[in-house]
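Under this note's numbering, the first residue of the sequence shown carries the number 3, and numbering increases by one thereafter. This report concerns only the one structure given below.
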Amino acid sequence: MSQYPWHTSHFSCLTRAIMSQLDQPEIGRQYRHMSWNVFVSRRIPTEGMDLLRQSGAEVRLHDEESPLPRNELLAQLRSCDGVIIGGGERVDAEFFDAAPKLKVVSCLAVGYDNVDLAEATGRRILVTNTPDVLTDAVADLTWALILGVARRVVEGDRLARSGKWRGLSPTLLRGVDVAGKTLGIIGAGRIGAAVAKRGTGFSMRLVYVARSAKPEMEALGGRRVTFDEILRESDFLCVHVPLTPDTRHLFGEAEFRKMKPTAYFINMARGAVVDEAALVRALRETWIAGAGLDVYEHEPQISPELLPMPNTLLLPHLGSATVETRRRMSIMAVENLLAVLDGRPCPNVVNPF
Ligand code: GLV
């Protein structure tokens, strides 16, 4: 018996049989009208699109890197059975109202804080995400931020290109050592653990905050500490928690004031985990030494005060942006969507009912 109300085993068998015949043009034409109607909200890697089109689904794609205006997005949803959300578009009651046939929202992301899950569940709409396949890519970029801020990589690059460099100097653009320092990880899930693992290669002390002791962190020599302790002890403090009502503004003035004036704050999670105005103040008034940020409270806006600060390294939400990882994510997002529509088990449903 399927968990999905729109699915019967008879229909699923029929769908599979039809799909297997779709490469035979006559039969494909005959049954194509029975295929799912799917909207893809942003350009995604071709591998995912190819898979979706091969499934026989009727696909519409917003083939751009920038989002559709909200009213145009909503207008696309009327006939949709499924939608692939490529860029964190807000999925809420208004969105669902515009999509009366919707059965699945497939997020091409691990985070799904842009989706009102209670609303989705109340309407019997399943939501899926793309975990695991992006863990290494995000951990690598976290390290790019750590090393980038510690060694002033962007400032060095600017100077090298400026024509103003006057040669090797013992006092030029000195950064700080990473080796021997304390790496703090807040949110010791898959990505946090992958960042910690890389830290052992840099001979760092590891402290972490989690609800319970994490064997993978302990195996790396990690010490579980309180939130206050991690603020006070970390030289590089990395945030890897999902955005939830509990973690919204987890970092504000009080937290930044507890950090060392030599500490660097690294955020690869979600911007709204931080009160960005408080972070601006912490940087301007040197409560902390610097920040590496991939995410912002009001994306794509970035607090203008951050832009000229030499002690910030700012990226435009690139955490999982490698060719290989985005290819895997696009395939997984399509597989998730088709599995739900076809009534097959999908391990990446985040609101099972
Ligand atoms: C990107 O931010 C993601 O959640 O995968």
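A virtual CB, placed ideally from N, CA and C, is assigned to each residue, including glycine. Since this is a predicted model, take the numbers as computed values, not measurements.
Residue i: CB within 6 Å of a non-hydrogen atom of the ligand GLV
| i | result |
| --- | --- |
| V182 | Here residue 182 turns out to be Gly, not Val, going by the sequence shown. No, the beta carbon of G182 sits no closer than 6 Å to any heavy atom of the ligand GLV. |
| V243 | no |
| G273 | no |
| G194 | no |
| A146 | no |
| S332 | no |
Where residue i falls, given that 16 or more other Cβ within 10 Å makes a residue buried
| i | result |
| --- | --- |
| K166 | exposed |
| R272 | buried |
| A77 | exposed |
| T228 | exposed |
| V325 | exposed |
| G50 | buried |
| L175 | exposed |
| E278 | buried |
| D94 | exposed |
| T17 | Note that T17 scores a pLDDT of 39, beneath 50, so its modelled location is shaky; the value from the coordinates is reported in the next line. Flag for T17 reads buried. |
| F258 | buried |
| F355 | exposed |
| Q26 | Legend: pLDDT at Q26 = 44, less than 50; position of this residue unreliable, value from coordinates given subsequently. Burial call: exposed. |
| G292 | buried |
| N131 | buried |
| H64 | buried |
| K216 | buried |
| D159 | exposed |
| G124 | exposed |
| K103 | exposed |
| G189 | buried |
| E337 | buried |
| E299 | buried |
Backbone secondary structure at residue i - three-state DSSP
| i | result |
| --- | --- |
| T184 | strand |
| F238 | strand |
| L320 | coil |
| E66 | coil |
| L343 | helix |
| N338 | helix |
| F258 | helix |
| E49 | helix |
| N353 | coil |
| E231 | helix |
| E218 | helix |
| E287 | coil |
| V42 | strand |
| E301 | coil |
| V61 | strand |
| G365 | Within the shown structure, residues of the chain are numbered from 3 to 355, placing residue 365 beyond reach of any answer. |
| V178 | coil |
| G158 | helix |
| G150 | helix |
| T246 | coil |
| T364 | Because residue 364 is not part of the residues shown, which for the chain are 3 to 355, the question remains open. |
| L170 | coil |
| G194 | helix |
DSSP bridge partner residues for residue i (one or two, in chain order)
| i | result |
| --- | --- |
| T314 | A293 |
| L208 | L185 |
| Y266 | F238, G292 |
| R430 | The first residue shown for the chain is 3 and the last is 355, placing residue 430 beyond what the model contains. |
| V276 | F253 |
Which whole runs of the alpha helix (DSSP H) in the region 76 to 145 are 4 residues long or more, in chain order? 95 to 99, 119 to 124
Considering only heavy atoms of the ligand ATP, list every residue whose Cβ is less than 6 Å from one of them, following chain order. Of the ligands one can find in the structure shown, namely the ligand GLV, none is the ligand ATP.
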